[in-house]
Amino acid sequence: MILCVAEGRKITDVAREFDIAHSVVSRLWKSFKTTGMCSRRHGGGRVRSTTPAEDRYIVLSAKRNRRTTDQQVANQFLAASGKRISRKTVARRLRGGGLYARRPVVCVPLTRQHRTARLQWCREHHNWTEQDWACVLFSDESRFSLSSDCRRQLIWRESGTAYRPENIQEKDRYPTCSIMVWAGIMINGRTRLHVVANGTMTGQ
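When we follow the UniProt record's numbering, the leftmost residue of the sequence shown carries the number 1, and every step to the right adds one.
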């Protein structure tokens, strides 16, 4: 927190990110500039509303259903413990447990066979020169949904785990209202973007 302020960030922004009072950040920063140290006053701050065991329960609840909201976790906690806590408290406990609210990656999940085949392909071509790659055209097609999606939904996940199967939102391969496009790229250029309004792009 002190490092963030030292890097030039505004105290207001740091307080919002760490979900603590502006006055607390300001006081700690002044103490650090004066003494080179920072510590909260003994007995300062409100008493924690949850115990370490309850903190673990909150984190476990989010891991069991990563698409649950902080309010839903708070409701589950109320039903299990009889204690009412706020959404902000849930978010703080989850951050303390290494979980952060992030948008899920939307893609087609890769099976073990997919990953094995891709790794083998990379190994077979890792010695190719720029001249070799100049003879290759990479092309792909993609279908874009014209209807509303679930990109606003967040998931709770650890840093660096975006592509784990439990954190992926599976892509809808055949949305009811969509448009397909195709294009290719190469070292020295690219193709035009072709819109396939009706039908499906195939290998032929």
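Ideal placement from N, C-alpha and C gives every residue a C-beta, glycine not left out.
| Item | Value |
| --- | --- |
| Would you kindly check if the distance between the Cβ of A74 and the Cβ of I85 is under 8 Å? | yes |
| I need the straight-line Cα distance from L78 to R92, nearest angstrom please. | 17 Å |
| When DSSP builds the beta bridges, which residues end up paired with S142? | V181 |
| May I have a chain-ordered list of the beta strand (DSSP E) segments no shorter than 3 residues that lie completely inside the UniProt domain "Transposase Tc1-like" (55-127)? | 100-102 and 105-107 |
| Please state the DSSP three-state secondary structure of E170. | strand |
| Looking only at its chain, what residues have a beta carbon closer than 7 Å to the beta carbon of V195, apart from the 5 residues adjacent to it on each side? | I179 and V181 |
| Which word fits I58, buried or exposed, when buried means at least 16 other C-beta atoms lie within 10 angstroms of its C-beta? | buried |
| Could you have a look at V47 and say whether DSSP puts it in helix, strand or coil? | coil |
| Tell me, please, which residues DSSP counts as bridged to H194. | W182 |
| Which class does R164 belong to by DSSP, given the choice of helix, strand or coil? | coil |
| Using the three-state DSSP reduction, which class does I155 fall into: helix, strand or coil? | strand |
| What's the C-alpha gap between T68 and V90? | 12 Å |
| So the alpha helix (DSSP H) C135 belongs to, where does it begin and stop? | That residue, C135, is in no alpha helix (DSSP H); it is neither H nor E in DSSP. |
| K33 to F138, Cα distance in whole Å? | 55 Å |
| I'd like the span of the alpha helix (DSSP H) that includes A6, first residue to last. | I2 to A6 |
| By Cβ distance, which residues of its chain are closer than 8 Å to S159, with the 5 residues on each side in sequence left out? | G98 and Y100 |
| With distance defined between alpha-carbon atoms, name the residue in N188, A21 and A6 nearest to W29. | A6 |
| Less than 8 Å between the beta carbons of R87 and Q71, yes or no? | yes |
| Under 8 Å between the Cβ atoms of Q169 and V106? | yes |
| Quickly, what does DSSP pair G189 with across the bridge? List them, please. | M186 |
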